[in-house]
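In this note's numbering, the protein residues as written are 35 to 295.
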Amino acid sequence: MSGDAGSLLRFAHELLDETDAIALRHVAGGLTVSTKPDRTLVTQADTEIETHLRDRIADTFPTHTVAGEEFGIAEDGGDGRWIMDPIDATHNVVRGIEIFATLLAFERDGELQIGFVSAPAMHRRWWATRGGGASLRVDGVERSIHVSSIDALADAQIAFSTLRGLEDAGLGDGLRRLTGAAWRDRGFGDFWGHMLVAQGSAEAMLEYGVRPWDMAAPHLIVTEAGGRMTDLQGRPSWSGPQVVSSNGRLHERVLELLQSQ
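Structure below.
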């Protein structure tokens, strides 16, 4: 069973309903936290959710492969590949911050087909299908979303992830130029900044140190909402290590300020 777009969409919604419940159970009951070799944190919720995702996908779509943050990467093959981050923003969960989400995307023949960002503690779920636009559900109410039409940087809200990480990557001066030219800037890290771009609440988001499972789902949602996501050279990208998402109208100017000397 390879799955058409409709069946994949229904399956993903059902699957994320299940993983949302797992995440909220762990948050309510207390988290078991450990440190990975790269010094990032992992919780029992991360591993249980990814295991659940992998098991359900294997049962339903046995010819699909899986790439996930906790248990490794599989090359695209067979009838397609699922790409997942069981808990994006694990550090938020550990510190009691409700801004976290499960990210899930499906790729076939090198092209993303569906993408989901499900944030149960925020009562929000964003998703997109290739060629079908992007949507947001808040407390059970669904609506289509689109990036903003703002085309002046002086009117734009800019989001970014960790300032220290961006400075370590040599982007500190560029970020200061960008935020100095913008109306407003905020440190909305991880999936959240990109979803703000997709729903028209921010005009650009800059992030460094990301991997494919961090960006696959947000990439499709942003682009299907009418925006762009690229690397610093302006090439469409969701593989990292750095990405810029925007409403499209300001993309070239954002890249110019980030890279100018």
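Quick reminder that beta carbons are idealized off the backbone N, C-alpha and C, glycines included.
Keep in mind the model is a prediction, meaning the values are calculated, not measured.
(1) If you follow the beta strand (DSSP E) that proline 252 is part of, which residue opens it and which one closes it?
(2) Let me know if alanine 62 comes out buried or exposed under the rule of 16 or more other beta-carbons within 10 Å of its beta-carbon.
(3) Reducing DSSP to helix, strand and coil, say where methionine 35 ends up.
(4) With a cut-off of 8 Å on the beta carbons, I'd call alanine 139 and isoleucine 148 a contact; round off their distance for me.
(5) For phenylalanine 150, report the span of its beta strand (DSSP E) as first-last.
(6) Got a sec, what are the start and stop residues for the alpha helix (DSSP H) alanine 215 sits in?
(7) With 16 other CB atoms within 10 Å as the buried threshold, where does leucine 58 fall?
(8) I'd like the list of long-range same chain contacts for histidine 228, defined as Cβ closer than 7 Å, with 5 residues on each side in sequence excluded.
(9) From Glu201, Ala232, Ala55, Val277, pick the residue whose C-alpha is nearest to that of valine 181; which is it?
(10) Can we say the region 192-204 touches the region 150-160, given the rule of at least three CB pairs closer than 8 Å?
(11) On the CB-based measure, 16 or more other CB atoms within 10 Å of its CB, does threonine 97 come out buried or exposed?
(12) Helix, strand or coil for glutamate 103? Go by DSSP, reduced to three states.
(13) According to DSSP, is valine 128 helix, strand or coil?
(14) Comparing C-alpha positions only, which one of Arg245, Arg269, Gly234, Arg44 sits nearest to glycine 102?
(15) Using the rule of at least 16 other Cβ atoms within 10 Å of the residue's Cβ for burial, across every protein chain shown, is aspartate 89 buried or exposed?
(16) Can you tell which of His285, Glu48, Glu290, Leu254 has its C-alpha closest to the C-alpha of glycine 167?
(17) Taking the alpha-carbon of leucine 42 as reference, which of Arg218, Asp113, Gly64, Leu65 has the nearest alpha-carbon?
(18) Within 10 angstroms of its Cβ, does glutamine 276 collect 16 or more other Cβ (buried), or is it exposed?
(19) Please state the DSSP three-state secondary structure of aspartate 202.
Taking the structure as given:
(1) First-last for proline 252: 246-258, but that is the alpha helix (DSSP H), not the beta strand (DSSP E).
(2) exposed
(3) Low confidence applies here, because methionine 35 scores a pLDDT of 45, under 50, leaving its location unreliable and the question unanswered by this model.
(4) 7 Å
(5) 145-153
(6) 206-215
(7) exposed
(8) Met239, Pro252, Val256, Ser279
(9) Ala232
(10) no
(11) exposed
(12) coil
(13) helix
(14) Arg245
(15) exposed
(16) Leu254
(17) Asp113
(18) buried
(19) helix
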